[in-house]
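K.L.:
In this text, residue positions in the sequence shown follow our numbering: the first is 205, and each later residue adds one.
No residue lacks a Cβ here, since even glycine has one placed at the ideal position from N, Cα and C.
This structure is a prediction, so every number in the text was calculated from the model and none was measured.
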Amino acid sequence: MQEIENEQELLDQSLILVHDHQMEHVLQAENGGWTVKSAYLKLTQGFELTGEVDRLTSAVLAGCDGRDRLRELAADLSRGLGVNFEAIAPTCVGVVRKLMKSGFLTVPSSPDSKGST
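1) Between Gly236 and the rest of its own chain, which residues show a CB-CB distance below 6 Å, the 5 nearest in sequence each way excluded?
2) To the nearest angstrom, report how far apart Ser262 and Gln226 are at their CA atoms.
3) Using C-beta distances below 8 Å, list every residue in its chain close to Trp238, excluding the 5 sequence neighbours before and after it, in chain order.
4) Would you grab the beta carbon distance between Thr248 and Asp224 for me? Rounded to a whole angstrom, and I think it's under 8 Å.
5) For Thr321, collect the residues of the same chain with a Cβ closer than 7 Å to its Cβ; drop the 5 residues on either side in sequence, then sort them by chain order.
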């Protein structure tokens, strides 16, 4: 795993999901439809690791396809929540760091891994 110490440098990276993991949702019938009650991220190879994730983390993970930079994903999230980017960026970076250290996310190895601008 590539260690990225600087918050700004991490925000400028595109990230990809590690292949050997799953996201599982627990749904509950509510008001005639399904509501996600909990979501779990699980490594399926090697040392099995499972952790609960919230809907905001799920939203960021959904964008980790190697194309968009973390900065763009955090900006989309801040717009969707109606909050300032500067207020959400440190939390987003912290969550991504934990997911990288746990083996769920990585930096793409291709030379054009910075995504589009």
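P.N.:
From the atom records:
1) Excluding positions up to five away in sequence, the list is empty.
2) Cα to Cα, the separation comes out at about 12 Å.
3) Leu231, Gln232, listed in sequence order.
4) About 5 Å separates the two Cβ atoms, so the contact holds.
5) Caution is warranted here: a pLDDT of 41 is assigned to Thr321, below 50, making its placement in the model unreliable, and the coordinate value is therefore given only provisionally. Counting only Cβ-Cβ distances below 7 Å, and skipping sequence neighbours, we find nothing.
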